[in-house]
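See below for the structure under consideration.
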C-alpha cells in the first residue's frame, strides 16, 4: 500500500473516531462476570526438582487491587503466570469463584501485561490498541462500541495526544519507554478483562506517571469490579496506599503476608518489626524479608 493510501486510511479512521461519543470514564461493557481466586498452599516444582514456589496461600477478589511484592527469587512472576493460566501449579489447591478449576478455562476473561513490550513497532498507538480490541472483544459488540472502548482506554491512560504516533524502534524514533508501557497496559485493558495481572507495570515510569497509572488501575478495580493484581517493586507510600491488599512473598516463594494494605504495619509490629518513623513501608518490609533487619 502506498504512503498516500496509508495516510488516507488513517485520516478516515480518525474522522470516524472523532464522530464517536467521547465518554469521560472507563467502563466495562463486556460482562459483569467477576473472578475471585482462592489459593491454598500452592506449589510449583520444576522437572529438575527445584521448588520455586511453595506454601502460597491467600485470595484475590474482584473489585480489589492487589500488590504482589517480594525480593528477587520470591516467585512473583511465577505467581502471575499461574494467575494468567500460563502455568499450572504442581501442588496445592486453586479455586475460582469457590469451585476448584484451572485458570486456563478463563483465558478469555484474563488479561496479562508482561514486563516486555509486545506491540507492533511499525503501527501507531491507536492502531495497536484498535487491533487488540477488534481481535478480542466479543463479536456481539458493534464496531462503534468497540471503538468507544478504544477511546475510553486511551483517555484513561493519557494516550490520546500520542494516538497517531508510531511505536518506533531502535532505528525509527517513536514514543518514549514510559508511553510504551502504558500502551502495553491499554492493549490488555481494551479487551475488558475480569482478571488483570500485570508484571511490574510501573517499571521505567517516573513517580507521577506511576501514581496516575496505579490510580487508573485502582479505579478499574473499585468501580469496574475487575480483579487487578500487579507485581510492583518497592513503591513509595503514596502508590502503595492505592492498593487494597498486599501479597508479600519471601525467598523460595513462601507467603510472608497476605491481607489488607492498611493492616500490614500492625501485622509486622505484632511480630516484632515496628515501622521506623519516616521509613517507606515497602523498603522496610523488603529488608525484613531479606533478613537485613
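Residue numbers (the working numbering): 1 to 293.
All C-beta atoms, glycine included, are put in the ideal place defined by N, C-alpha and C.
DSSP three-state assignment for residue i, whether helix, strand or coil
i           : result
residue 284 : helix
residue 266 : helix
residue 227 : strand
residue 106 : helix
residue 279 : coil
residue 41  : strand
residue 254 : strand
residue 111 : strand
residue 128 : helix
residue 334 : Residue 334 is absent from the structure shown; the chain starts at 1 and stops at 293.
residue 152 : helix
residue 133 : helix
residue 97  : coil
residue 196 : strand
residue 188 : helix
residue 67  : strand
residue 215 : helix
residue 22  : Summary for residue 22: the model assigns pLDDT 45, below 50, so the residue's position carries little reliability, and this model does not support an answer.
Cβ separation of residue i and residue j, assumed to be a contact under 8 Å, to the nearest whole Å
i           : j           : result
residue 74  : residue 251 : 6 Å
residue 227 : residue 68  : That belief does not hold up - the Cβ atoms of residue 227 and residue 68 are roughly 13 Å apart, past 8 Å.
residue 195 : residue 83  : 7 Å
residue 182 : residue 213 : 7 Å
residue 70  : residue 232 : That belief does not hold up - the Cβ atoms of residue 70 and residue 232 are roughly 10 Å apart, past 8 Å.
residue 114 : residue 44  : The pair is not a contact, with the Cβ atoms about 18 Å apart (cut-off 8 Å).
Closer than 9 Å to chain D by CB, residue i
i           : result
residue 215 : Absent from the structure is chain D; it holds one protein chain and no more.
Outcome for residue i when other beta-carbon atoms lying within 10 angstroms are tallied against a minimum of 16
i           : result
residue 243 : buried
residue 104 : exposed
residue 292 : exposed
residue 33  : exposed
residue 140 : exposed
residue 49  : exposed
residue 22  : Model confidence at residue 22 stands at a pLDDT of 45, short of 50, so the residue's coordinates are unreliable; what they give is reported in the following sentence. Per the 10 Å Cβ criterion, exposed.
residue 230 : buried
residue 240 : buried
residue 272 : exposed
residue 220 : buried
residue 148 : buried
residue 46  : exposed
residue 208 : exposed
Short Cβ contact (9 Å threshold) for residue i with residue j
i           : j           : result
residue 79  : residue 217 : no
residue 157 : residue 185 : yes
residue 215 : residue 164 : no
Practice item. For the region 108-122 and the region 161-173, state whether three or more C-beta atom pairs, one from each stretch, are separated by less than 8 Å. Key: Yes, the region 108-122 is in contact with the region 161-173.
Check your understanding: For the region 184-198 against the region 126-136, are there 3 or more C-beta pairs whose distance is under 8 Å?
Key -> By the Cβ criterion, the region 184-198 is in contact with the region 126-136, since at least three pairs of Cβ atoms, one from each stretch, lie closer than 8 Å.
Review point. Using 8 Å as the Cβ pair cut-off and three pairs as the minimum, do the region 97-115 and the region 53-61 touch?
Key: No, the region 97-115 does not touch the region 53-61.
**Study point:** Three or more C-beta pairs below 8 Å linking the region 228-241 and the region 271-285
**Key:** Yes: the two stretches touch, three or more of their Cβ pairs being nearer than 8 Å.
**Study point:** the region 152-169 / the region 195-208 touching (three or more Cβ pairs under 8 Å)
**Key:** No, they do not touch.
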